[in-house]
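Asks:
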Amino acid sequence: MPKVTFFNLPDDKKQSLINAAKKEFSRVPLFEASIANIVKEAGIPRGSFYQYFEDKEDAFFFLLNELTEENKKYFVFTLEKHKGDLFEAMLEFFAIIINEEENFQFLRNTFLNMTHKIESTFAKSFGDREITLNDIGLFINTSNLNISKEAELFHVMKIITSVTIRNVVDKFALEIPYEEAMTHYTTEMNLLKNGLLKGE
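Its first residue numbered 1, the sequence shown is counted upward by one per residue in this note's numbering.
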């Protein structure tokens, strides 16, 4: 988490620092990123960076958490749009992620240099136990899902999250065209759907 001094910055200076960090993490993955480049782009002394963040990992995970919060809101929106249909919502969500332009390079570097911490952070978009059961779960139509208790929804989301993240990684790593990536993901979602939906 950024330090209090970061949140106390005027909005324009805060945004300038965020933009500089995002530019650097879009240029190279976290382990190659340079604080010197971030402060140069933001136009601040190097020492000032440490007044706002512990280190470059702190800045990176702040950006990733912000993006995850945006994703979570959009995922809830897609669930409402599709009247709680989890599979239709996931297809739309996946399409948005792999077609993202503003954060494309940031996401590409993030997914191609995945660590457990990165995966766990991104998965909170739709797969965290507390979030799933207490927030997003409220928008999912579970009446047609083949689950016997609410807690099983978390495990359903874990499975779907794993499939989704792997497909995103494949898209970026193999540079799969959009239509082909959507076909692969739709096929896998349909297989999961066939197993997870209640029979007529």
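C-beta: ideal position from N, C-alpha, C; glycine also.
Answer with buried or exposed for Glu-200, where buried requires no fewer than 16 other C-beta atoms within 10 angstroms of its C-beta.
Replies: Confidence at Glu-200 is low in this model, with a pLDDT of 49, below 50, so the placement of that residue is unreliable and no value is reported for it.
Asks: Comparing alpha-carbon positions, which option in Glu-80, Phe-62, Gly-137 and Leu-30 lies nearest Gly-121?
Replies: According to the sequence displayed, residue 121 carries Thr and not Gly. Nearest option by C-alpha distance: Phe-62.
Asks: Can you tell me the Cβ-Cβ gap for Ile-98 and Ala-181, rounded? I've got them flagged as a contact below 8 Å.
Replies: The pair is a contact, with the Cβ atoms about 6 Å apart (cut-off 8 Å).
Asks: The alpha helix (DSSP H) with Asn-232 in it runs from where to where?
Replies: Missing from the structure shown is residue 232; the chain here goes from 1 to 200 and no further.
Asks: Can you pull the DSSP bridge partners for Leu-145?
Replies: Leu-197, per the DSSP bridge assignment.
Asks: What would DSSP say about His-184, mapped onto helix, strand or coil?
Replies: Here His-184 sits in helix by DSSP.
Asks: With 16 other CB atoms within 10 Å as the buried threshold, where does Met-189 fall?
Replies: So Met-189 ends up on the buried side.
Asks: Any heavy atom of the ligand SAH within a distance shorter than 7 Å of the CB on Glu-41?
Replies: As for the ligand SAH, it is missing from this structure, which has no ligand bound.
Asks: To the nearest angstrom, report how far apart Ile-35 and Pro-29 are at their CA atoms.
Replies: Roughly 13 Å between the two C-alpha positions.
Asks: What is the DSSP secondary structure of Phe-139, reduced to helix, strand or coil?
Replies: It is helical.
Asks: Considering Cα atoms alone, identify which of Gln-105, Lys-13 and Met-157 is closest to Phe-87.
Replies: When only C-alpha atoms are compared, the closest one is Met-157.
Asks: On the three-state DSSP scale, how would you describe Met-90?
Replies: Note: Met-90 maps to helix in three-state DSSP.
Asks: I'd like the span of the alpha helix (DSSP H) that includes His-82, first residue to last.
Replies: Here His-82 belongs to no alpha helix (DSSP H), and DSSP marks it neither H nor E.
Asks: CB-CB under 7 Å to Phe-49, same chain, minus the five flanking residues each way: which ones, in chain order?
Replies: These residues qualify, in order along the chain: Ile-35, Ile-38 and Val-39.
Asks: Does any CB atom of chain D fall closer than 8 Å to the CB of Ala-20?
Replies: Within the model displayed, chain D is absent; a lone protein chain is all it includes.
Asks: Look up Gly-43 in the DSSP assignment and say whether it is helix, strand or coil.
Replies: Of the three classes helix, strand and coil, the one that applies to Gly-43 here is coil, per DSSP.
Asks: Would you decide whether Val-4 is buried or exposed? Buried here means 16 or more other CB atoms lie within 10 Å of its CB.
Replies: Val-4 should be labelled exposed.
Asks: For Glu-92, I'd like the list of residues in its chain whose CB is within less than 6 Å of its CB, leaving aside the five on either flank, ordered along the chain.
Replies: For Glu-92, where only same-chain residues beyond five positions count, the Cβ hits under 6 Å are Thr-78.
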